[in-house]
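Participant:
Residue numbers (UniProt numbering): 1 to 687.
#1: Any contact between the stretch 533 to 541 and the stretch 485 to 496? By contact I mean 3 or more CB pairs, one from each, below 8 Å.
#2: Shortest alpha-carbon distance to residue 511 belongs to which of 504, 521, 498, 344?
#3: Would the beta-carbon of residue 59 fall within 8 Å of that of residue 117?
#4: Measure the C-alpha to C-alpha separation of residue 449 and residue 379 and round it to an integer number of angstroms.
#5: Write down every uninterrupted run of the alpha helix (DSSP H) in the stretch 206 to 261 whose length is 4 residues or greater and which is fully enclosed by it, in chain order.
#6: Ignoring anything shorter than 3 residues, give me the beta strand (DSSP E) runs that lie fully in the stretch 586 to 656, in order along the chain.
#7: Quick check on the burial criterion: 16 or more other C-beta atoms within 10 angstroms. Buried or exposed for residue 20?
#8: Name the DSSP bridge partner or partners of residue 343?
#9: Kindly identify the DSSP beta-bridge partner or partners of residue 663.
#10: With distances taken between CB atoms, is the gap from residue 357 to residue 224 smaller than 8 Å?
#11: Could you check whether residue 387 and residue 371 sit closer than 8 Å to each other, using their CB atoms as the reference points?
#12: Are three or more beta carbon pairs between the stretch 226 to 244 and the stretch 258 to 272 nearer than 8 Å?
#13: For residue 113, which of helix, strand or coil comes out of DSSP?
#14: What first and last residue would you give for the alpha helix (DSSP H) that runs through residue 548?
#15: When DSSP labels each residue in this structure, what does residue 658 get in the three-state scheme?
#16: Using the DSSP secondary-structure output, state which residues sit across from residue 21 in a beta bridge.
#17: Note down, in chain order, each residue of its chain lying with its Cβ closer than 7 Å to the Cβ of residue 25, except the 5 sequence neighbours on either side.
#18: How would you label residue 334, buried or exposed, when you count the other beta carbons within 10 angstroms and need 16 or more for buried?
#19: What is the DSSP secondary structure of residue 362, reduced to helix, strand or coil?
#20: So residue 484 packs on residue 611, CB below 8 Å; how close in whole Å?
#21: Considering only residues of the same chain and omitting the five flanking positions on each side of residue 250, which have a CB-CB separation below 6 Å?
#22: For residue 684 and residue 655, I'd like the C-alpha separation in whole angstroms.
#23: Measuring only the C-alpha atoms, how far is residue 79 from residue 88?
#24: Which runs of the alpha helix (DSSP H), 4 residues or longer, sit entirely within the stretch 379 to 447?
#25: What separation, rounded to the nearest whole angstrom, lies between the Cα atoms of residue 427 and residue 165?
#26: Given this structure, state the Cα-to-Cα distance separating residue 574 from residue 552, to the nearest angstrom.
#27: Starting from residue 188, follow the alpha helix (DSSP H) in both directions and report where the run begins and ends.
#28: Could you tell me the distance, in whole angstroms, from the CA atom of residue 207 to the CA atom of residue 115?
#29: Name the DSSP bridge partner or partners of residue 145?
#30: Could you check whether residue 49 and residue 11 sit closer than 8 Å to each other, using their CB atoms as the reference points?
#31: Going by Cα to Cα distance, which pick from 340, 54, 542 is closest to residue 353?
#32: Could you check how far apart the C-beta atoms of residue 107 and residue 139 are, in whole angstroms? I think they sit under 8 Å.
#33: Counting pairs of beta carbons, one from the stretch 602 to 622 and one from the stretch 670 to 677, are three or more of them closer than 8 Å?
#34: Using the rule of at least 16 other Cβ atoms within 10 Å of the residue's Cβ for burial, across every protein chain shown, is residue 548 buried or exposed?
#35: Based on the DSSP secondary-structure assignment, which residues constitute the bridge partners of residue 300?
#36: Considering only DSSP beta bridges, list what residue 44 is partnered with.
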């Protein structure tokens, strides 16, 4: 027999892409998921493959120095009975000089770029042929993969969905912004793999790093560190206050694709600027791209407990003003991601959602990263489990103690023990509504289980009876807290006793940022003495004037209102705090024409200026996977006068069918980070 010579081959990109749910990646290369067979066709010249005469074997290699002991190189011959635990090749069918072969990786193979070669031998003669490169991803559809997720609708949402919602605002006023994750857009997979290749662990020991890429726990830690730039050539530079002129205001982003492409384009220099939801959203894109089910979550009233005593101290004076810049923060909200994976590295049942936080706050093993922390371990107070449980436990559980510093220097204490870790939120599966996942992180406030968890976490929960206190103080806000308007807030005092009480009440308002840093005062009442009838409710109003807040309102649109009540009978001090979100005007999006794939469509986008002054330098940014090719920017030539409408029309040619999101961001000199979106159902092109 003459030697068997490989002439051409076909990596069956279309069929494999469809079967492995990677066709949307749009790259002209083979992308497959681990543990699942993929097909290739070999065309020989001169003669076909002869069983019993010709021997065929394959080599797969990943990383710069592949070897078998590290699990980065495998040699495997054609077989009739493949084993699940290792690489295999099986003949599917033969047609003359063509041979169709099914290859399969084990479900615990390393992910990344691979080189595939074929070795043929006839008698003593042998040849080697380079067939090509392919990329291997995690596989949430395979029961033996550590990222296996049982429900198909969840796999669709957390691996395949390229668009979503991120929750912002305050615990009293929750709203969502749209986000274009775009993990299958052109070039994104290559950028994500490049991120793994320039991470410090890889640069220190390339062989060890590549051999650990079979483990989603390891990958999660690397991604958490690489999304911020604090220790490495990471993606985003964090900044929480003006100026942002030398980069992008964090509120202006509406998707991860633009950020990741900028990072790649400028030689992995960090992109300016990110804040928590931007860090989380980019991490979500990278993890979904690599095949790990991931979602962005928002924790409202999120504590940053630097000394790990689970107590956040706040010092204010008798007018409600902050006495000193606090060392420990309470963020209005804080975003991180959860990724779904098994935890065979931990004893006990800690599989499932794992919290990962790429926002640089505290170091973990010497690096700015956080997690993966099993959400079950956070709920149970299992502080010793890897990684970083105490930090996240405090974010959702700390007590807040307000110390009122009186003129004589005396300090009075007011404790808020159910204040932190509220309304933990994520987008629902398959629909644009909010799912509350607080119960995954903590037992109900005041329950027996909660007390046991705190005992295990070696912390005495300050179980003050907020419910049956004699006097109760809270803050309410009137309708119409809109940017450009005046509005009212009220201190609401309930006397829960059968005797009359006398107290003094004072209200103070200051602008604030979402990370808790307060700005100048924008409202203050005189001290008001009130006689409370038994079992009664009283209100003390304060009007907040646009004139007072317009110049100092930060881009986060937040005003912090503090109410102080002093009970004349006992001398006790009550403190109530509420962050009020001042609403932006809505963006309206109209779709004109029949939404059909590859047919022109017009979107009409508009916004009314609610302010009493013109808006200058107005820019609309529009983005949406399958609808726009990248980000579209529309700069308006003229100013927008008060109460006038900024409007433009945009031609779109949808590239995909199904439910797509058109996302819009509006920027100007006086209004920033205004977001809107519209769901568009695109009919498929007739076959």
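Glycine residues also receive a C-beta, built at the ideal position from the N, C-alpha and C atoms.
Facilitator: Let's see:
#1: Result yes; three or more Cβ-Cβ pairs closer than 8 Å.
#2: Ranking the options by Cα distance to residue 511, first place goes to 521.
#3: yes
#4: 10 Å
#5: 206 to 211, 216 to 226
#6: You should have 587 to 592, 601 to 608, 619 to 623, 632 to 635, 645 to 652.
#7: buried
#8: None, per the DSSP bridge assignment.
#9: 623, 677
#10: yes
#11: Taking 8 Å as the Cβ cut-off, residue 371 and residue 387 qualify as a contacting pair.
#12: yes
#13: strand
#14: 546 to 549
#15: strand
#16: The partner list for residue 21 (beta bridge, DSSP) is empty, contrary to what the question assumes.
#17: 31, 184, 189
#18: buried
#19: coil
#20: 5 Å
#21: Close CB contacts of residue 250 within its chain, under the 6 Å cut and outside five residues either way in sequence, are with 273, 274, 275, 278 (chain order).
#22: 10 Å
#23: In a straight line, the C-alpha of residue 79 is about 7 Å away from that of residue 88.
#24: Taken in chain order, the complete alpha helix (DSSP H) segments of 4 residues or longer contained in the stretch 379 to 447 are 389 to 397, 438 to 441.
#25: 6 Å
#26: 28 Å
#27: From DSSP, the alpha helix (DSSP H) with residue 188 extends over 188 to 197.
#28: 16 Å
#29: In DSSP, residue 145 forms no bridge with anything.
#30: With contacts defined by Cβ atoms closer than 8 Å, residue 11 and residue 49 do not form a contacting pair.
#31: 340
#32: 7 Å
#33: yes
#34: buried
#35: 333, 422
#36: 6
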